[in-house]
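Residue numbers for the sequence shown follow my numbering, beginning at 1 and rising by one.
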Amino acid sequence: MNQAVENVISNAIVQSFSKKFSDALTLDAAIVGGGPSAMTAARYLAENGVKVAVFERKLAPGGGTWGGGMLFNEVVVQDSALHILDKFNIIHQPIADAPGYHTLDSVEMASALIYGAVHAGAKIFNCISVEDIVFKAGKVNGLVINWTPVERLGMHVDPLTVIADVVIDGTGHPSEIIRMATDKAMIEIDTPNGKIMGERPMWVDSGENSTVENTKEYFPGLFACGMSANNCSGGYRMGPIFGGMLLSGEKVAKLVLEKLKK
Ligand code: 48H
């Protein structure tokens, strides 16, 4: 008897997803959050032979990229990050009266970053929330994950785990993974007081520079990029300029490659 096409479709999806998911339960690098810094890092890592997956809480990865500035769906990027826009084939226009700065369509940026990461070989798991870390023998060893609807509905369902040599916190403003590490594993991170310093108010150029400077390994096996790094180290916020996020993603990928000796 021929299989009903309804079964063919369902079986194919279940089997294909199960293979992808099961393969991602052991990783070189696990990235939490699918914002611009994370997507940039995912692409660079995948291109350099790192087995990497991104776990994103929302249905659509892209983080704070989509909405541009106050829902005007354009963002600004400065000269120093143009090579990353060009790598992802994202169109940009110079701002006539502000040399060194460029505008671009935020929807194009979000979708190009996602496509670029997946196409390079990174796996993205959307609608999955990271609710805890695996912490063994004084080191961060992976992630504890569950479906976002389970989290949102407060259902009492036990999670699954992902084991990874390196974890990157790309969760944006709240630094959720570093927070779990400081609060639950009670570790001190690489900041002046050993704790999350907290984000400061708007100062664009300072925030852009410090985001990249503060992109680093905060604890053995635990890195932060983007606004998460900024929040950990007490940097200023910068609003809808995204060069720092892209450069931070590029930097964290380089640091992780050095750590993994790839
Ligand atoms: C799974 C999670 C979890 C979790 C959060 O905020 P993002 O866009 O990340 P960045 O740092 O790459 O970019 C920051 C930028 O968008 C921004 O906000 C800027 C420039 N602000 C300046 C200003 O002045 O305000 O994305 C983080 C992603 C989101 O998609 C979250 O859903 C996701 O992480 N996330 N995913 N498990 N526990 N926590």
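We put the beta carbon where it would ideally sit given N, CA and C, even for glycine.
Run of the alpha helix (DSSP H) containing residue i, from where it starts to where it stops
{"i": "Asp169", "result": "It is not in any alpha helix (DSSP H) - Asp169 instead sits in the beta strand (DSSP E) that spans Leu160 to Asp169."}
{"i": "Arg179", "result": "Glu176 to Lys184"}
{"i": "Pro36", "result": "Pro36 to Glu47"}
{"i": "Val204", "result": "Val204 to Glu213"}
{"i": "Leu82", "result": "Leu82 to Lys87"}
{"i": "Lys251", "result": "Gly243 to Leu260"}
Counterpart residues of residue i in DSSP-defined beta bridges
{"i": "Phe17", "result": "Phe17 pairs with nothing; no bridge assigned."}
{"i": "His102", "result": "Val77 and Pro94"}
{"i": "Asn146", "result": "Ser129"}
{"i": "Gly69", "result": "Phe72"}
{"i": "Glu56", "result": "Asn126"}
{"i": "Arg237", "result": "Met202"}
{"i": "Lys139", "result": "Lys136"}
Of the listed residues the options, nearest to residue i (C-alpha basis)
{"i": "Asn126", "options": "Leu153, Ala185 and Lys20", "result": "Lys20"}
{"i": "Trp203", "options": "Gly172, Ile241, Thr191 and Ser175", "result": "Ile241"}
{"i": "Met227", "options": "Val32, Asp79, Ile114 and Val107", "result": "Val32"}
{"i": "Met245", "options": "Gly116, Phe72 and Gly170", "result": "Gly170"}
{"i": "Lys135", "options": "Ala117, Val167, Asp158 and His156", "result": "Here residue 135 turns out to be Phe, not Lys, going by the sequence shown. Per the Cα distances, Val167."}
{"i": "Met109", "options": "Ile90, Leu257 and Gly100", "result": "Ile90"}
{"i": "Ile196", "options": "Ile178, Asp28 and Asn7", "result": "Ile178"}
{"i": "Leu260", "options": "His173, Tyr115, Glu131 and Leu27", "result": "Leu27"}
{"i": "Val77", "options": "Ile95, Ile187 and Leu71", "result": "Ile95"}
Beta strand (DSSP E) segment containing residue i, residue limits
{"i": "Val134", "result": "Ile128 to Lys136"}
{"i": "Ala30", "result": "Thr26 to Val32"}
{"i": "Glu188", "result": "No beta strand (DSSP E) contains Glu188, which DSSP labels as neither H nor E."}
{"i": "Glu217", "result": "Lys216 to Phe219"}
{"i": "Leu222", "result": "Leu222 to Ala224"}
Burial state of residue i (16 or more Cβ within 10 Å)
{"i": "Asp165", "result": "buried"}
{"i": "Asp79", "result": "exposed"}
{"i": "Thr40", "result": "buried"}
{"i": "Met180", "result": "buried"}
{"i": "Gly198", "result": "exposed"}
{"i": "Ala12", "result": "exposed"}
Residue i: CB within 8 angstroms of a non-hydrogen atom of the ligand NAP
{"i": "Met109", "result": "Looking for the ligand NAP in the displayed structure turns up nothing; the ligands present are the ligand 48H."}
Can you find at least 3 beta carbon pairs, one from the stretch 147-156 and one from the stretch 214-222, that sit closer than 8 angstroms?
The stretch 147-156, when compared against the stretch 214-222, does not touch it at the 8 angstroms Cβ threshold.
Would you call the stretch 46-62 and the stretch 72-85 touching, i.e. three or more CB-CB distances under 8 angstroms?
Of all C-beta pairs linking the stretch 46-62 to the stretch 72-85, fewer than three are shorter than 8 angstroms, placing the two stretches out of contact.
Three-pair Cβ contact test at 8 angstroms for the stretch 233-251 versus the stretch 192-209:
Output reads yes: the stretch 192-209 touches the stretch 233-251.
Taking contact to mean 3 or more Cβ pairs, one atom from each stretch, closer than 8 angstroms, check whether the stretch 217-224 and the stretch 140-149 are in contact.
At 8 angstroms Cβ cutoff, the stretches touch.
Given 8 angstroms, three or more beta-carbon pairs between the stretch 34-48 and the stretch 59-69
In this structure the stretch 34-48 touches the stretch 59-69; the number of beta carbon pairs closer than 8 angstroms is three or more.
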